[in-house]
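Below you'll find the structure, written out as structure tokens, and then a few comments.
Residue numbers (the working numbering): 28 to 942.
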């Protein structure tokens with residue numbers, strides 16, 4: 028999976044269409060016609076075994092060997108049974124790109140020892156390295172290159188939107204919707220049921236090479252979550268990404284994936300993934316274009332406060348209902364705005380309040396006057412104009428008045444022209460003027476909320492989080508891994524209650540005071556350790572697993588005895604519970620009995636939190652209300668680790684639990700902070716203990732004294748693969764400098780933004796110029812986010828950090844690399860504080876990075892050095908880089924070979940110039 032050879036799909040100089048004929052039902056003939064109609068200027072051939080002289084005026088040959096040259100792009104529309112053999116022939120012929128539009132219902136059917144058609148296609152592609160997009164794709168369209176190699180029903184205009192999808196029919200519908208709204212595309216591609224080129228590959232390519240300002244994604248399934256998340260997070264940092272996901276319900280989900288323990292509907296996992304990637308999610312195709320229109324035409328919002336100006340109260344109330352149900356905020360006007368509305372007598376129903384009702388006799392001038400007042404209010408973030416046509420205020424005249432005075436409106440404007448006849452022309456003139464416009468007030472509000480959501484997820488993507496409240500040591504990780512290893516060596520897939528308690532305590536999660544028993548005799552000896560009523564639970568192989576009673580909440584108390592007073596009652600309870608397990612679950616062994624004091628009298632809230640593992644996205648953090656209510660209350664939120672305090676706060680804030688805390692807690696901020704710290708610790712645990720499959724803390728009691736995990740269970744599995752690579756703790760090391768300072772060299776993390784700011788202030792103008800190739804006196808919030816928030820599977824940055832005697836830390840230098848998606852080349856940059864040069868920090872950091880890039884298989888490291896940066900040129904020569912003068916850019920190119928290529932396409936990429 029990579030962008031290898033993808034330019035052959037999108038910028039071909041020659042095309043061959045296989046299976047093309049002049050028959051009306053010929054798919055190849057339709058594609059050939061679209062290629063011609065688009066105005067493709069390169070060489071074009073038809074290939075058909077029937078040996079036609081030509082097809083629609085295009086020269087036709089019988090087979091691959093008769094082609095006069097190797098085509099850049101091979102479009103395959105011939106019967107699917109012969110496609111694997113054809114791909115093998117094309118690969119041997121030297122072709123690099125095959126677009127397979129053919130399909131069928133039996134792609135996965137095994138044919139003896141030959142395997143399925145899909146398997147044979149992939150095997151044939153891997154033999155030569157030819158890239159295959161398909162089968163069952165619609166094709167691809169690049170209007171700016173005059174390329175339409177698809178069966179699209181109509182031509183599309185060039186634009187700045189890229190559509191990448193997994194359904195050909197939905198793409199055809201999208202073309203028609205877009206044509207009706209005058210939306211153009213830079214790229215339009217569907218992958219169908221592709222065996223080789225996948226959606227993340229296309230996202231990477233579009234992000235690197237396309238002029239698109241926005242990407243529209245249609246997803247049916249995700250196969251490689253890490254690849255998907257990396258590509259979409261990179262893309263959303265540079266342009267707007269809007270996504271729609273089909274298969275949201277269990278009935279429409281055809282992925283065949285097993286359920287995620289503890290999560291009733293896997294669609295919430297996609298919600299979490301999109302939010303983490305900075306992507307706006309929409310629910311239907313029409314909403315996708317509404318969101319695109321809003322987000323591409325509106326300036327960034329400052330908040331979620333909406334004002335409404337209408338010529339009738341009824342339509343305005345519809346908008347308010349939608350706003351409230353969507354979680355938005357109705358703006359409250361300040362005193363100046365209220366006074367102006369009263370003075371001018373423009374509000375008919377509720378003078379001075381939001382919404383502003385201008386009445387049925389409102390003229391276009393009245394709308395303009397009201398909007399100038401409302402948009403000047405600092406408590407307003409955007410204004411929605413809702414208009415129903417009247418004789419005094421025709422829709423088109425009112426729309427034109429808004430357009431003429433738009434520069435006097437100080438806030439984002441959205442419009443809803445209600446109706447289908449006269450309103451159609453009003454929407455048309457607003458579209459031409461670039462003002463977002465919608466057919467109903469509800470749609471307008473939904474589009475506004477997309478803008479609010481986009482601001483939220485983008486803020487999370489770029490936010491500088493506070494320092495982590497907890498960090499594990501190598502000793503903690505070793506202790507917990509030893510527990511897990513011991514359990515696996517015994518053939519167990521779960522930890523016992525006592526073992527899980529040890530892990531929780533190691534990660535700073537307090538557990539209820541417990542005594543673990545093995546027999547009634549032991550119970551008699553230790554029961555008096557807890558005065559007052561006690562609870563006794565039996566731990567056996569059947570109840571050590573998390574999330575196990577989701578269908579039967581009343582069974583949560585099975586295997587539990589409460590309010591035991593005396594030692595004899597505890598001993599009898601041990602016998603009773605043991606007998607019950609042996610009678611009902613003879614296949615399960617009793618591991619231990621857990622004795623705890625009853626937890627009552629502190630007005631505790633019951634929380635459920637933990638870790639689960641999704642079959643696609645890997646480890647997830649779960650959080651919500653706990654106890655027996657977990658099945659009744661729809662309060663389960665999920666998040667992709669790793670988490671920081673900002674991300675954890677966003678997760679907690681979206682639950683009913685947070686609302687209850689704000690309503691009833693004596694110190695809501697303290698309690699919410701405790702919950703955020705808990706989620707960060709769980710995230711760290713998931714990252715450190717990759718064999719951990721699931722962990723459930725339920726109930727976790729939250730009260731004035733803090734948090735206490737009362738019951739918990741943990742199970743184990745194979746090492747996890749994370750959707751977002753966690754912080755690479757194993758790359759941290761301590762070294763000694765020439766001045767005897769002890770320095771830690773470690774990967775950078777998002778929380779290092781304050782260190783970066785302080786470091787930048789201590790750099791000279793010359794050092795900044797050498798690093799950035801221009802003067803950069805200060806760093807913006809976005810700069811800090813880009814420098815500290817990195818995708819560890821595509822980027823790496825090592826910092827040298829020194830800790831003073833008072834505990835404060837300072838950054839001494841940093842080296843960074845940016846890998847291309849194929850891991851062929853990585854580009855480095857390095858900067859050392861001026862007052863610390865000569866201590867060997869530069870050489871230390873570069874050697875660390877060279878070793879790292881070599882270990883992950885990168886082939887070549889490159890960097891650009893200013894001609895007058897003599898110390899850096901000397902360091903590069905010392906490290907073995909080849910340095911040559913770049914006449915075009917007037918810089919020194921430094922190149923170091925790290926690994927040798929092991930395939931022809933890698934050699935080809937190395938011989939070409941860096942992208």
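A virtual CB, placed ideally from N, CA and C, is assigned to each residue, including glycine.
Bear in mind that the values here come from a model prediction, so they are computed numbers and not experimental data.
Coarse secondary structure for residue i, derived from DSSP in three states
i: residue 31; result: coil
i: residue 343; result: helix
i: residue 336; result: strand
i: residue 837; result: strand
i: residue 204; result: helix
i: residue 143; result: coil
i: residue 375; result: coil
i: residue 399; result: helix
i: residue 930; result: coil
i: residue 853; result: strand
i: residue 500; result: coil
i: residue 312; result: helix
i: residue 168; result: strand
i: residue 846; result: strand
i: residue 809; result: helix
i: residue 937; result: helix
For residue i, the nearest candidate out of the options (CA to CA)
i: residue 381; options: 393, 368, 391; result: 368
i: residue 786; options: 859, 778, 491, 348; result: 859
i: residue 497; options: 778, 397, 822; result: 778
i: residue 421; options: 229, 450, 232; result: 450
i: residue 219; options: 199, 425, 821, 210; result: 199
i: residue 204; options: 675, 311, 478; result: 311
i: residue 359; options: 347, 839, 830, 352; result: 347
i: residue 103; options: 70, 60, 166, 97; result: 166
i: residue 68; options: 42, 797, 222, 392; result: 42
i: residue 265; options: 244, 294, 286, 233; result: 233
i: residue 247; options: 197, 674, 206; result: 197
i: residue 374; options: 384, 366, 117; result: 384
i: residue 902; options: 913, 316, 938, 865; result: 865
i: residue 625; options: 340, 799, 562; result: 562
Distance between beta carbons of residue j and residue i, contact taken as under 8 Å
i: residue 290; j: residue 663; result: 6 Å
i: residue 240; j: residue 215; result: Going by Cβ atoms, the distance from residue 240 to residue 215 rounds to 15 Å, so no, they are not a contact pair.
i: residue 743; j: residue 735; result: Their Cβ separation, rounded to whole angstroms, is 25 Å, which puts residue 743 and residue 735 out of contact at 8 Å.
i: residue 530; j: residue 410; result: Not confirmed; about 53 Å, so no contact.
i: residue 408; j: residue 433; result: Going by Cβ atoms, the distance from residue 408 to residue 433 rounds to 17 Å, so no, they are not a contact pair.
i: residue 82; j: residue 48; result: 6 Å
i: residue 331; j: residue 361; result: At roughly 17 Å, the Cβ-Cβ gap does not stay under 8 Å, so residue 331 and residue 361 are not in contact.
i: residue 875; j: residue 707; result: Between residue 707 and residue 875 the Cβ distance is about 27 Å, and since that is not below 8 Å, they are no contact.
i: residue 774; j: residue 755; result: 5 Å
Straight-line gap, residue i to residue j (C-alpha atoms, nearest Å)
i: residue 757; j: residue 501; result: 9 Å
i: residue 185; j: residue 213; result: 6 Å
i: residue 721; j: residue 249; result: 22 Å
i: residue 577; j: residue 569; result: Any reading at residue 577 is ruled out, since the residue's pLDDT is 48, under 50, leaving its predicted position unreliable.
i: residue 583; j: residue 558; result: In this predicted model, residue 583 has a pLDDT of only 43, less than 50, meaning its place in the structure is not dependable; the value taken from the coordinates is given anyway. For residue 583 and residue 558, the distance between alpha carbons rounds to 25 Å.
i: residue 202; j: residue 398; result: 35 Å
i: residue 379; j: residue 716; result: 59 Å
i: residue 351; j: residue 465; result: 19 Å
i: residue 695; j: residue 686; result: 10 Å
i: residue 309; j: residue 95; result: 48 Å
i: residue 98; j: residue 423; result: 53 Å
i: residue 538; j: residue 809; result: 40 Å
Subject >> Segment contact, 8 Å Cβ cut-off, at least three pairs: the stretch 801-816 with the stretch 698-709 >> reply: no
Original post:
Pairing CB atoms from the stretch 877-887 with CB atoms from the stretch 909-917, are three or more of them under 8 Å?
Top reply: no
Original post:
Touching or not, the stretch 315-325 and the stretch 600-607, by the rule of three or more beta carbon pairs under 8 Å?
Top reply: no
Original post:
Counting pairs of Cβ atoms below 8 Å between the stretch 687-694 and the stretch 465-482, do you hit three or more?
Top reply: no
Original post:
Quick one: any contact between the stretch 265-284 and the stretch 757-774, if contact means 3 or more CB pairs under 8 Å?
Top reply: no
Original post:
Can at least three beta-carbon pairs, one atom from the stretch 526-546 and one from the stretch 611-627, be found at a separation below 8 Å?
Top reply: yes
Subject >> Inter-stretch contact (C-beta, 8 Å, three-pair minimum) for the stretch 888-900 and the stretch 846-856 >> reply: yes
Original post:
Between the stretch 298-307 and the stretch 453-461, do at least 3 Cβ pairs fall closer than 8 Å?
Top reply: no
Original post:
Would you say the stretch 222-230 touches the stretch 170-182, given that touching needs at least three Cβ pairs under 8 Å?
Top reply: no
Original post:
Given 8 Å as the limit, is there contact between the stretch 45-65 and the stretch 147-160, that is, 3 or more CB pairs closer than that?
Top reply: no
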